[in-house]
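This report concerns only the one structure given below.
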Amino acid sequence: MSRPKVSVVIPTYNRPESVLRTLDSLCRQTLPFAEFEVVVVDDGSNYEAARVAKRPFPFSFRFIRQPNQGATIARNNGVSQTSGEVLVFIDDDVTISPEALAVLAEACLTHERIIAMGTLISRSDSDAPSPFTRDALALANARYAGNGRYTDEFVPFVECNTQLLAVRREDFMALGMLQDPTGGWPNWDDVDFGYRAHLAGFRLLRCGQAVGEHWDYSLADLQKACLRWQRAGKSAVRLFQVHPGLRPHIPMFADKTPVTWGEDPPRLVIRKLVRQVSATPLVVWSMEQIVRVLERVYPSPGLLRPFYRWIQGNYMYRGYREGLRVYHTGEIE
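Numbered per this note's numbering, the sequence shown spans residues 8 to 340.
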């Protein structure tokens, strides 16, 4: 068999129906089936493997199950089981447009020293999404989908996202593959990869015609989103330990770090102090109660969005402070 042009790697964990939906979208690709292969790497799920492994597909398909080690290792493991010139990573909660594989492959093979990324549109499985979900989807689409402007554009490396990402195999290997910089989840492996690629002179190209629909389960409600941001804040401490020069490139952490007296400008000092006060349990609880009332009696996005933003930021702040305590005590979680 000749070498395929594209190798698609899909990590998955306990989402058989979701990953099957992703695979179904691959059945509608304009790229000929003979030109791509697909490997699903299951990260130690507890469902019967045959639900996915035995499903027939028109393209070359393999299902691999590994012990539970996380998505980063699953992606690298999948790469080791494939041979395509271009690697395409797709998350198991993403479905892609018919042109996506062809567009991503062409971008990688046409341009030198680039990482190609799809245009993600966030979706909800709910027929009646909550006010928070509707607002979160609108913000995500404005940021990651160009607010409806589906054109090719080079974007900052911090937007690197493995949910729909393509790279030449030789470049992926030269950059050191994906790495786990934090040892926790979420582990920022996509930002880590983007940063290493940036330092090596690569650019990140978002392809407007490689569209992916992201059925984001973390946006189901505010509490789930807050807990995810809290974990992200905690693991970010380790990320910045590995890459000290990275933090200034991620503005969301500007007011989450401790005040550096004599160095921080006055405006930043004020922002940090306000964040410290607003992240106290009583203030966060009060904000959450206000949100519940507004969602019930007057769910105006203009009123709710500032509260959503501050509440999530406060959970991230809590996580970051927790990470600092863990780091300074030498404890590893």
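We put the beta carbon where it would ideally sit given N, CA and C, even for glycine.
Taking the C-beta atoms as reference points, Arg120 is found no nearer than 8 Å to Gly201.
Exposed is the label assigned to Trp268, since fewer than 16 other Cβ atoms lie within 10 Å of its Cβ. The beta carbon of Ala286 lies closer than 7 Å to those of Asn321, Tyr324, Arg325 in the same chain, with the five residues before and after it left out. Three or more Cβ pairs closer than 8 Å define a contact, and the region 69-77 meets that threshold against the region 50-59. If you draw a straight line from the Cα of Asp31 to the Cα of Ala243, it comes to about 35 Å.
A direct Cα-to-Cα measurement between Tyr20 and Asn84 gives close to 14 Å. If you draw a straight line from the Cα of Gln216 to the Cα of Gly125, it comes to about 8 Å.
The three-state secondary structure of Glu119, taken from DSSP, is coil. Look at the region 83-136 and you find these whole runs of alpha helix (DSSP H), each 4 residues long or longer: 107-117. DSSP places Asp271 in no alpha helix (DSSP H); its state is neither H nor E.
Counting along the chain, no beta strand (DSSP E) covers Thr29; the unbroken alpha helix (DSSP H) around it starts and ends at 23-33. In this structure, DSSP gives Glu177 a helical state, which the three-state scheme calls helix.
Taking the C-beta atoms as reference points, Leu182 is found no nearer than 8 Å to Ala123. Within a 10 Å sphere around the beta-carbon of Ile97 sit 16 or more other beta-carbons, which makes this residue buried.
By the C-beta density criterion, Pro18 is buried, having at least 16 other C-beta atoms within 10 angstroms.
For the options Leu234, Tyr224, Phe247, Cys233, the alpha carbon positioned closest to that of Asp132 is the one of Tyr224. One thing to note: Phe247 has its Cβ no nearer than 8 Å to the Cβ of Arg238.
For secondary structure counted as the alpha helix (DSSP H) over 4 or more consecutive residues, the region 28-76 holds these complete runs in sequence order: 57-60.
In terms of Cα proximity to His256, the closest of Glu220, Glu166, Leu331 is Glu166.
Beta bridge pairing from DSSP links Gly219 with Ile103, Leu127. With contacts defined as CB atoms closer than 8 Å, Thr102 and Arg22 fail to qualify as a contacting pair. By the C-beta density criterion, Ser293 is exposed, having fewer than 16 other C-beta atoms within 10 angstroms. With a cutoff of 8 Å on beta-carbon distance, Val93 and Val16 are scored as not near each other. The Cβ atoms of Leu185 and Asp178 do not sit closer than 8 Å to each other. Going by beta carbons, Val46 and Gln88 fall inside the 8 Å limit. Taking the Cβ atoms as the reference, Gln319 lies roughly 6 Å from Cys233, within the contact range of under 8 Å.
Taking C-alpha positions only, Asp187 is separated from Lys241 by approximately 14 Å. Around the beta carbon of Gln36, 16 or more other beta carbons sit within 10 angstroms, so the residue counts as buried. Contact between Val266 and Val281 fails: their C-beta atoms lie close to 11 Å from each other, not under 8 Å.
In the DSSP assignment, Ser14 falls within the unbroken beta strand (DSSP E) covering 13-19.
DSSP, read as helix, strand or coil, puts Leu253 in coil. The alpha carbon of Pro11 has as its nearest neighbour, out of Leu108, Glu24, Lys279, Asp100, the alpha carbon of Leu108. Secondary structure at Cys167: coil, using DSSP grouped into helix, strand and coil. Closest by C-alpha distance to Gln230, out of Tyr305, Gly219, Thr140, Arg175, is Thr140.
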